[in-house]
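In the numbering used here, the protein residues as written are 22 to 204. Just so you know, even glycine gets a beta-carbon here, dropped at the ideal spot from N, CA and C.
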């Protein structure tokens, strides 16, 4: 299904940012200078793209269709993915709060920033593999072909109506900027 291919393509962008975040956390762990702005920008990317655009497509469109076609939202794969999305939001809030304190001069939060980056990274890398290898093939099987266009239309609605024109491009540029900072 084209919709699951779109989501997997977005996963590759998220993975690129996670790799940059891991490198930044490594520098911080090695007591190398890392500006708080890097971590705040990464948190903005996660909130705006990974959660605000990508997860909206998954939760509001794809998962909803999977539930409509027989999967439970309270247990099983959809429930696990929803719980992991929420855990990712917790790590992101922790990262943002620590980065703001770091920016204000509180160097005692370095380990908190590192822990939130590494927790998010570990969670999302596993999460993406589960979606790419298990959940999306399952969606391709349980959602009838005649409903695929509705899912794509739902994605378009999220992309253009809920998140706004040009937002996707803004976050792609942000991902590239974060990567360049870690080269």
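Using C-beta distances below 6 Å, list every residue in its chain close to residue 75, excluding the 5 sequence neighbours before and after it, in chain order. The sequence position of residue 75 within the chain shown is 54, counting from 1. 31.
For residue 137, does the three-state DSSP call read helix, strand or coil? As a first step, residue 137 must be located in the chain shown, where it is residue number 116. Residue 137 falls in the helix class under three-state DSSP.
Can you tell me the Cα-Cα spacing of residue 165 and residue 99, whole angstroms? Looking up residue 165 in the chain shown gives position 144. Looking up residue 99 in the chain shown gives position 78. Distance between the alpha carbons of residue 165 and residue 99: 18 Å.
Proximity below 8 Å, CB of residue 161 to CB of residue 22: Your numbering for residue 161 matches position 140 in the chain shown. Your numbering for residue 22 matches position 1 in the chain shown. The answer is yes: Cβ separation under 8 Å.
Taking all protein chains shown into account, do 16 or more other C-beta atoms lie within 10 angstroms of the C-beta of residue 52, making it buried, or fewer, making it exposed? As a first step, residue 52 must be located in the chain shown, where it is residue number 31. It is exposed - the Cβ of residue 52 has fewer than 16 other Cβ atoms within 10 Å.
Could you pull out every residue in the same chain whose Cβ sits closer than 6 Å to the Cβ of residue 29, ignoring the five residues on either side in sequence? Counted from its first residue, the chain shown places residue 29 at position 8. The residues are 153.
Assigned secondary structure, residue 93 (DSSP; H/G/I helix, E/B strand, else coil): Mapped onto the chain shown, residue 93 falls at position 72. Three-state DSSP puts residue 93 in coil, outside helix and strand.
Would you call the region 53 to 68 and the region 82 to 92 touching, i.e. three or more CB-CB distances under 8 Å? no
Please work out which residues of its chain come closer than 7 Å, Cβ to Cβ, to residue 145, disregarding the five sequence neighbours upstream and downstream, and give them in chain order. Here residue 145 corresponds to residue number 124 of the chain shown, with the count starting at 1. Excluding residues within five positions, the ones whose Cβ falls inside 7 Å are 35, 39 and 109.
What is the DSSP secondary structure of residue 204, counted as helix, strand or coil? The residue given as residue 204 occupies position 183 in the chain shown. In this structure, residue 204 counts as coil in the three-state DSSP scheme.
Where do the ends of the alpha helix (DSSP H) carrying residue 107 lie? By 1-based counting over the chain shown, the position of residue 107 is 86. Per DSSP, residue 107 belongs to the alpha helix (DSSP H) from 98 to 124.
With 16 as the cutoff for other CB atoms within 10 Å, does residue 111 come out buried or exposed? As a first step, residue 111 must be located in the chain shown, where it is residue number 90. Counting Cβ neighbours within 10 Å, residue 111 comes out exposed, since fewer than 16 surround it.
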